[in-house]
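Going by UniProt numbering, the sequence shown opens with residue 1, and the numbers climb by one from there.
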Amino acid sequence: VWDLSTGEEVGRLRGHGAASSARGRADDVSASDSAVSQAVVKCLQVEDALCVTGGVDSSVRVWDLRRVEEHEVRLKLWAEQGHAEGERMGGAIRQGQSGASASAGDSIVVEGEDGVLVEAPDPKDEFDPCVSRLEGHSKEVTALYFDDNCLVTGASDKTLRQWDLNTGQCVLTMDILWAISNPSTAQALSGVGPSSGGGQADSMLSPAPSPRFGRSSLGVGSSGSGIGYDDLTMSMSTLSASGAGGSGGNWTGAFSYPTPAYADGSWEMYTDFVGPGALQFWGYALASGSGDGAVRMWDMRTGQAHRTLLGHTAPVTCLQFDETHIISGSLDKSIRIWDLRMGTMSDVIKYDFPVTALQFDSRKIVVAAGESALRIFNRTTMQQTPLLTNGHLAPAERLRYMDRYAVSGGKDSVIKVWTL
1 VWDLSTGEEV GRLRGHGAAS SARGRADDVS ASDSAVSQAV VKCLQVEDAL CVTGGVDSSV
61 RVWDLRRVEE HEVRLKLWAE QGHAEGERMG GAIRQGQSGA SASAGDSIVV EGEDGVLVEA
121 PDPKDEFDPC VSRLEGHSKE VTALYFDDNC LVTGASDKTL RQWDLNTGQC VLTMDILWAI
181 SNPSTAQALS GVGPSSGGGQ ADSMLSPAPS PRFGRSSLGV GSSGSGIGYD DLTMSMSTLS
241 ASGAGGSGGN WTGAFSYPTP AYADGSWEMY TDFVGPGALQ FWGYALASGS GDGAVRMWDM
301 RTGQAHRTLL GHTAPVTCLQ FDETHIISGS LDKSIRIWDL RMGTMSDVIK YDFPVTALQF
361 DSRKIVVAAG ESALRIFNRT TMQQTPLLTN GHLAPAERLR YMDRYAVSGG KDSVIKVWTL
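Structure, rendered in structure tokens:
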């Protein structure tokens with residue numbers, strides 16, 4: 001957690017563990033080291049003083065950011081009282097699994113300079129920033145979006161879950177595999193011809209309150225005038241036996257997809273079936289993008305996918321929608337603009353490298369497209385502007401903006417704050 005006015009670290013949110021197969025006991029140093037190294041937070045969202053995170057341990061945690069600073073003070077005081085060295089004394093406060101039993105829950109483990117792991121007193125008191133833990137997914141949680149007391153998460157178990165943040169209960173489960181195997185129940189739109197399902201989408205959107213997050217923010221993109229875009233040599237048939245844009249094939253196994261090269265020549269295995277930025281709801285309407293290259297619209301009153309947008313030829317990594325459009329980004333080096341009123345694809349903006357994040361408003365689209373710079377696409381002039389000054393030293397991977405400021409995270413392990 002950072003203070004943007006000073007650039008100083010306020011504290012850390014400790015709690016997520018490693019994937020269940022990699023967890024070690026706190027009294028086994030080698031196993032604990034392995035568990036700590038694989039404890040990864042895959043997605044997060046911050047709204048005022050509330051933060052929600054999803055991790056590879058298949059859990060979702062809800063944090064009160066007002067407690068972080070006091071909690072850090074208490075941990076530091078505990079370390080200074082001779083129990084173990086704190087982080088500033090050469091040790092590292094780590095997250096581990098309690099040495100008792102699985103039901104004992106997670107515990108804070110402190111590593112001293114001698115390498116001995118010591119279990120800290122359970123800090124679950126009035127100062128613990130973790131106020132809730134939600135469990136239900138069977139694999140790592142890779143995407144989430146919340147508004148007020150409603151939270152929707154996506155995971156590698158290929159399901160979406162809706163949660164009530166007041167009670168911590170899962171109130172609805174949406175099965176992406178079921179939607180893939182039953183395409184006839186959802187209207188599949190490939191961008192050709194008008195849709196007869198617009199009224200249903202309108203009915204879900206019209207009663208919705210104005211969302212608190214991401215409604216009036218972002219924009220960066222590539223120009224629509226052609227950037228020498230080359231189609232992926234690897235088609236979706238590499239991912240799916242039928243290769244038909246999310247309408248068939250066997251998706252039940254572990255998902256992985258080799259990304260096209262980024263601007264620095266690097267590439268990686270992409271394993272998030274629901275991308276970190278590929279989930280949003282507004283009112284009863286939920287949009288998701290997934291590894292089969294499809295964008296789906298769900299009715300949260302029924303849990304059914306009622307519309308499927310086909311066109312991307314690689315996993316969808318990010319999306320956002322408003323009353324009239326969905327804009328989605330993909331590893332196929334493009335973003336696609338979908339007209340919800342007509343049910344067609346209205347534009348394709350092509351890039352040289354894979355798209356990993358986007359955000360838009362009525363004037364602009366801001367995109368992280370595999371380069372060290374963010375790109376701002378002007379929706380009026382159809383021109384793009386790169387943010388190059390003092391940029392990342394490696395490809396920018398995540399972004400968020402509000403008003404005149406954007407924040408990006410890159411593969412160079414640096415967070416940049418930009419003035420738009």
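All residues carry an ideal CB built from backbone N, CA and C; glycine is no exception. Remember, predicted model here, so these are calculated numbers, not experimental data.
- Within the same chain, Val417, Trp418, Thr419 and Leu420 come within 8 Å of Tyr405 by CB-CB distance, once the 5 residues on both sides are set aside.
- In the DSSP annotation of this structure, Ala369 is not part of any beta strand (DSSP E), being labelled neither H nor E.
- Selection Ala314, Ile335 and Ser156 evaluated against Ser138 yields Ser156 as nearest (Cα-Cα).
- When DSSP states are grouped into helix, strand and coil, Arg307 belongs to the strand group.
- Take Cys150, set aside five residues on each side of it, and the residues of its chain with a beta-carbon closer than 8 Å to its own are Gln162, Trp163, Asp164, Leu165 and Phe281, in chain order.
- Here Asp264 is actually not in contact with Pro354; their C-beta atoms are around 12 Å apart, not less than 8 Å.
- Relative to the Cα of Arg61, the nearest Cα in the group Ser5, Asp48, Gly168 and Thr381 belongs to Gly168.
- When DSSP states are grouped into helix, strand and coil, Pro276 belongs to the coil group.
- Short of 7 Å from the beta carbon of Val348, and not among the five residues preceding or following it, lie these beta carbons of its own chain, in chain order: Ser334 and Arg336.
- Straight across, the Cα-Cα distance linking Phe321 with Ala278 is about 10 Å.
- Only residues of its own chain outside the window of five on either side were considered, and among them Gly136, Arg161 and Trp163 have a CB closer than 6 Å to the CB of Cys170, listed in chain order.
- Ser59: member of the beta strand (DSSP E) spanning Ser59 to Asp64, first to last residue.
- With a cutoff of 7 Å on beta-carbon distance, His312 and Gly343 are scored as not near each other.
- Put simply, the backbone Cα of Ala314 is about 50 Å away from that of Trp78.
- With 16 or more other Cβ atoms from the protein chains shown falling within 10 Å of its own Cβ, Ser290 counts as buried.
- Here Ala49 is exposed. Its C-beta has fewer than 16 other C-beta atoms within 10 Å.
- Taken in chain order, the complete beta strand (DSSP E) segments of 3 residues or longer contained in the UniProt repeat "WD" (134-173) are 141-147, 150-155 and 159-164.
- Per DSSP, Ser408 lies in no alpha helix (DSSP H) segment; the continuous beta strand (DSSP E) that holds it begins and ends at Tyr405 to Gly410.
- When the alpha-carbon of Ala305 is set against those of Ser346, Pro183, Lys158 and Leu374, the nearest one is in Pro183.
- In this structure, the straight-line span from the alpha carbon of Ser58 to that of Thr380 is close to 42 Å.
- Separation of Ile176 and Val367 (C-alpha to C-alpha, rounded to the nearest whole angstrom) is 26 Å.
- Here the C-alpha atom of Leu310 lies approximately 60 Å from the C-alpha atom of Gln81.
- According to the DSSP secondary-structure assignment, Met382 is paired through a beta bridge with no residue.
- Taking C-beta atoms under 8 Å as the contact rule, Pro260 and Trp251 fail to qualify, at a distance of about 21 Å.
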